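J.: This is the structure, below, for whatever I ask next.
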Amino acid sequence: MKRRCLTGLVLLGFILILAGSASAFFMNFEEGLGNDGGQIVGIPGVTFTNSAGLNWRYCDITTGGYNVTSVNKGVSYGTGYYNMYDYVCAWLGTSGNWGRIDFDDQNGTWFQTGVSSYSNFSVEAYDAADNLLDSASTGPCTRQQGYTDMVWLRVDAPVGQNISYVIVHDSGNYWEVDNMTGDMAGGTVPLPGSLLLLASGMIILLGYRKVNKV
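Numbered according to mature numbering (1 follows the signal peptide of the UniProt record, and there is no 0), the sequence shown spans residues -24 to -1, 1 to 190.
Shown next, in the form of structure tokens:
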């Protein structure tokens, strides 16, 4: 019986650990398929903030209006100069040379994005007081420069500090980003329902076995 109780406690602890740490996010923007040019909204935990009067937009390459190559799908449109994944990426149009992304709880610990740019490109992480915490950059990285994949740029908050927002920018208004990932310390992104259901069922099963074998 002690072993069953211990198993139950371990399982419960595992569930609580998952619930407490299930704060990572991943954005591939595929919800924008069929919504080319639409504003990027409704992603839990982060806000794609209006930047210099411009909204973040979905870029649906299946419309044929872009010069991009989908790396994992192996299809190209137009000149195919820029790299991205699947069929939708993010940008601010041809006049947007920088964009801001806010962590809603101002408690990010790291952020990474894929980028394809015709000019130099940077990602900068800031705290709530607008102090620069970390930055990463790359030179021009399109197929014209010999790149067959996106370049991945990551920024991290120093120990004991949190990212409030990130700024991405280039120097020529020709760029797009895709497959963003990050982590919100103590975030509220829920566990998948299937995992919760499985865990609950296992706890009930342990209780059933205990009742019938005591």
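Yeah, the Cβ is synthetic: ideal placement off N, Cα and C, and Gly gets one too.
This one's a predicted model, so the numbers in the text were calculated from it and none came from an experiment.
Which same chain residues end up closer than 7 Å to SER27 when comparing Cβ atoms and leaving out the 5 residues on each side of it in sequence?
T.: Result list for SER27: LEU68, GLY72, TRP74, GLY75 and ARG76, in chain order.
J.: Is it a yes or a no for the stretch 1 to 8 touching the stretch 57 to 67, going by three-plus beta-carbon pairs under 8 Å?
T.: They touch, by the three-pair rule.
J.: Can you name the start and end residues of the beta strand (DSSP E) that MET156 belongs to?
T.: Per DSSP, MET156 belongs to the beta strand (DSSP E) from 151 to 160.
J.: Please say whether PRO116 and SER140 have beta carbons closer to each other than 8 Å?
T.: Cβ atoms of SER140 and PRO116: not closer than 8 Å.
J.: Assuming ASP80 and THR38 make a contact with CB atoms under 8 Å, what is their CB distance in whole Å?
T.: About 30 Å; that fails the 8 Å criterion.
J.: Please report how far the alpha carbon of ASP106 lies from the alpha carbon of PRO134, in whole angstroms.
T.: Straight-line Cα distance between these residues: approximately 15 Å.
J.: So for ALA(-3), helix, strand or coil by DSSP?
T.: Because ALA(-3) sits at a pLDDT of 43, beneath the cut-off of 50, its placement in the model cannot be relied upon, and the point is left open.
J.: By a C-beta neighbour count over all protein chains shown, 10 Å radius and 16 as the cutoff for buried, is ASN138 buried or exposed?
T.: The residue is buried, with at least 16 neighbouring Cβ atoms inside 10 Å.
J.: For THR89 versus VAL17, is the C-beta spacing smaller than 8 Å?
T.: No, these two residues do not count as a Cβ contact at 8 Å.
J.: Exposed or buried, what is ASN48 when buried is set at 16 or more other beta-carbons lying within 10 Å of its beta-carbon?
T.: Exposed.
J.: Tell whether a beta-carbon distance below 8 Å holds between PHE1 and GLY14.
T.: For PHE1 and GLY14, no; Cβs fall outside 8 Å.
J.: How is THR39 classed by DSSP in three states: helix, strand or coil?
T.: Residue state, collapsed to three classes: helix.
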